[in-house]
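Under full-length UniProt numbering, residues 1 to 371 are what the sequence shown spells out, in order. We put the beta carbon where it would ideally sit given N, CA and C, even for glycine. Predicted model only: the values in this text are computed from it and were never measured.
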Amino acid sequence: MKTLEGFGILVGVIIGAGIFGLPYSFSGAPLSWNIFLFLGVFCLSVLLHLLFAGIIYTTPGKHRFPGYVQIYLGPRAETIATIFAALSSYGAMLAYGILGATFLQNIFGIDFFIGGILFFILGGALFFLSIDEIGKINFYLTLPLVCFILLMAFKIFPDIHPENFLVDGHSWFLAYGILVFAFGGYSALPDLRDILGARNRSLPKKIILWSLVAAALVYLVFIFTVLGVSGSFVTPDAISGLPSALGKGILVIGSLIGIFTVFRAYIGFGADLKLTYKYDYEIREVSAWFLSFLPPIFLFILGFVDLVRVLSVVGSVGLGIFAVFILLMVWERKGDVSTFLGFRVRGWWLSIIGILVVLGALQDLFAGFIF
1 MKTLEGFGIL
11 VGVIIGAGIF
21 GLPYSFSGAP
31 LSWNIFLFLG
41 VFCLSVLLHL
51 LFAGIIYTTP
61 GKHRFPGYVQ
71 IYLGPRAETI
81 ATIFAALSSY
91 GAMLAYGILG
101 ATFLQNIFGI
111 DFFIGGILFF
121 ILGGALFFLS
131 IDEIGKINFY
141 LTLPLVCFIL
151 LMAFKIFPDI
161 HPENFLVDGH
171 SWFLAYGILV
181 FAFGGYSALP
191 DLRDILGARN
201 RSLPKKIILW
211 SLVAAALVYL
221 VFIFTVLGVS
231 GSFVTPDAIS
241 GLPSALGKGI
251 LVIGSLIGIF
261 TVFRAYIGFG
271 ADLKLTYKYD
281 YEIREVSAWF
291 LSFLPPIFLF
301 ILGFVDLVRV
311 LSVVGSVGLG
321 IFAVFILLMV
331 WERKGDVSTF
341 LGFRVRGWWL
351 SIIGILVVLG
361 ALQDLFAGFI
371 F
C-alpha cells in the first residue's frame, strides 16, 4: 500500500498541467526534432530526480527544497532558492488555475475569470490535507485521465491523418520549457520519503524511474492522438481544438477529465508549498496557507493567463534554476549521493548538465517567453 501511495503521489504530481500544453508545443517544429527533444528532456529529468532523491535520503530530518539548500550552500543561497522555488510553485499553480478556468468554461459555459477564481478557492480549501491523503487523491484522480487518453486514442485512431504531423514551423525550442515542466515531479520527492520511510533506499529509485516512464508513455499517446486529429486546429490547452474534428461531446468529456487532473495537481503543489513555509521557516499553519494560496489567484486576477508562456517560463527558467541548485548540492555531498545512486558522481557531467539547463533557460527568455 505504501508503494502504491508513493507511486500515486509522484506520478500524480508529474502528470499535471504540462500534458495539455504538449500537443500545441509539438506543432511548432518538425516531429523528428521534437521527439529527440522529448527523449533528451526525459533522460535529464530521470537523472535530476534521482540526484535530488539522493540529497533527500542522505540528509537527516524533514525539509523541503530551500531547507536542503540552506544546509549545503548556506543562507544566502537559501534566500535565492526560496524566491525561485516559491515563484516556480506559484507559476505552476497559476497554470493549473488557467486550465481549470478553461475547462470550467467548456463544461458549464461560465465566465473564464469567475471559473478561475472558483477553482483557486475550492482547491485552496484542501491545502490542509495530509500527505497520505494527497497521495491517494493524486493516484485515484490520475486514473481517469490515463483511461480517457487511452480510450480516446483507441476510438479516434482511424481519424488520425499523417499530414497533420508535417509541420513547417521553426520554433525549435517551443516544446523545451513545457517538457521540462511536464516531467517535473521534484516537489513530491520529500513526500515520497515521508511515505516510504528514510531507511528504504532501493524502492524510491524504482518508483522514480517507473513514474517518469509511465508519464512519458501517457504523454506520447496524448501528443500523437491530439496532434494527429487536430492538426493546425490544435489549441494551447489541447482539448478546446478537438470538437472541430470529433464533435462537441469530446469537449465536455475531455474538460471533465482535465478539471480533475489539474485540480489534484494544484492541491499537491499548494500543500507542498505550505509545508515548505511550515517546516523550513517555522511559519504558523494558517499563515503558511495564506502565503501559498494568495499569490497565484492575484496573478490570475491581474491578467497573467497566457498558458504557453506560463508553462514555458516555469519549466525552462524556474525548474532550470532549481536544477542548478540540485547539481551544486550533489557536488557538496557527492560521496553519500554516489552511494545512494549506486554509481559515482562526476564533476564533468554535472557541469555539462548545468550548462545545458542554463542555456535552455536563456534561450526561452531571449525567445520572448517572458511576461
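Check	Outcome
Mapping the DSSP letters down to three states, classify Leu73 as helix, strand or coil.	helix
Just to confirm my understanding: we take Thr261, look at its own chain, exclude 5 residues before and 5 after, and list those with CB closer than 6 angstroms. What are they?	Leu145
What beta strand (DSSP E) runs, 3 residues minimum, are completely inside the stretch 21–63?	none
If I measure Cβ to Cβ from Thr235 and keep anything under 8 angstroms in the same chain, skipping five residues before and after, which residues do I get?	Tyr24, Gly241
I'd like to know if the stretch 279–288 and the stretch 164–183 are in contact, where contact means that at least 3 CB-CB pairs between them fall below 8 angstroms.	no
If the criterion is Cβ atoms closer than 7 angstroms, does the pair Ala29 and Ser171 meet it?	yes
Could you check whether Gly115 and Ala95 sit closer than 7 angstroms to each other, using their CB atoms as the reference points?	no
Buried or exposed: Tyr140, going by 16 or more other Cβ atoms within 10 Å of its Cβ?	exposed
Ser312 and Asp364 - do their beta-carbons sit closer together than 7 angstroms?	yes
Assuming Val221 is part of the alpha helix (DSSP H), what are its boundary residues?	203–230
Which of the three DSSP states is assigned to Leu256 in this structure?	helix
Straight-line CA distance for Arg199 to Gly342?	16 angstroms
Compute the distance between the beta-carbons of Phe148 and Ile257, then report whether it is under 7 angstroms.	yes
Do you know whose CA, among His63, Ala92, Ala17, Lys205, lies nearest Thr142's CA?	Ala17
Does Gly197 pass the burial test, meaning 16 or more other C-beta atoms within 10 Å, or should it be called exposed?	exposed
For the alpha helix (DSSP H) containing Lys334, list its first residue and its last residue.	334–341
So, is Ala81 buried or exposed, given that buried needs 16 or more other C-beta atoms within 10 angstroms?	buried
Going along the chain, which residues of its own chain have a beta-carbon closer than 6 angstroms to the beta-carbon of Trp289, five neighbours each way excluded?	Phe127, Lys274
Look at the alpha carbon of Ile207 and the alpha carbon of Phe7, and state the distance between them as a whole number of angstroms.	6 angstroms
Count the other C-beta atoms from every protein chain shown that fall within 10 angstroms of the C-beta of Arg344, then say buried if there are 16 or more, exposed otherwise.	exposed
Sort Ala323, Glu332, Phe340 by Cα distance to Ala361 and report the nearest one.	Ala323
Taking Cβ positions only, does Asp191 come closer than 7 angstroms to chain C?	The structure shown contains no chain C; it is built from a single protein chain.
Do Ser89 and Phe300 count as a contact pair if the criterion is CB distance below 7 angstroms?	no
Pair every Cβ in the stretch 44–54 with every Cβ in the stretch 325–342, then say whether three or more of these pairs are closer than 8 angstroms.	yes
Assuming Gly315 and Val180 are in contact, meaning their beta carbons sit under 8 angstroms apart, how far apart are those beta carbons, in whole angstroms?	4 angstroms
Residue range of the alpha helix (DSSP H) that Val314 falls in?	Neither: Val314 is in no alpha helix (DSSP H) and is coded neither H nor E.
Assign Ala215 to buried or exposed, taking buried as 16 or more other Cβ atoms, counted over all protein chains shown, within 10 Å of its Cβ.	buried
Could you check the C-alpha separation between residue 383 and Lys155 for me, to the nearest Å?	Outside the shown range of the chain (1 to 371) lies residue 383, about which nothing can therefore be said.
Starting from the C-beta of Val305, find all residues in its chain whose C-beta is less than 6 angstroms away, skip the five residues before and the five after it, and write them out in chain order.	Ile98
According to the Cβ coordinates, are Val221 and Ala153 closer than 7 angstroms?	yes
Between which two residues does the alpha helix (DSSP H) harbouring Glu163 extend?	First-last for Glu163: undefined, no H or E at that position.
If you draw a straight line from the C-alpha of Val213 to the C-alpha of Leu150, how long is it?	16 angstroms
Compare the Cα-Cα distances from Asp336 to each of Gly303, Ile56, Phe183 and report the closest residue.	Ile56
Determine whether the beta carbon atoms of Gly254 and Ile239 lie at a separation below 7 angstroms.	yes
May I have a chain-ordered list of the alpha helix (DSSP H) segments no shorter than 4 residues that lie completely inside the stretch 258–306?	285–301
Taking its Cβ as the centre, do 16 or more other Cβ atoms sit within 10 Å of Asp159, making it buried, or is it exposed?	exposed
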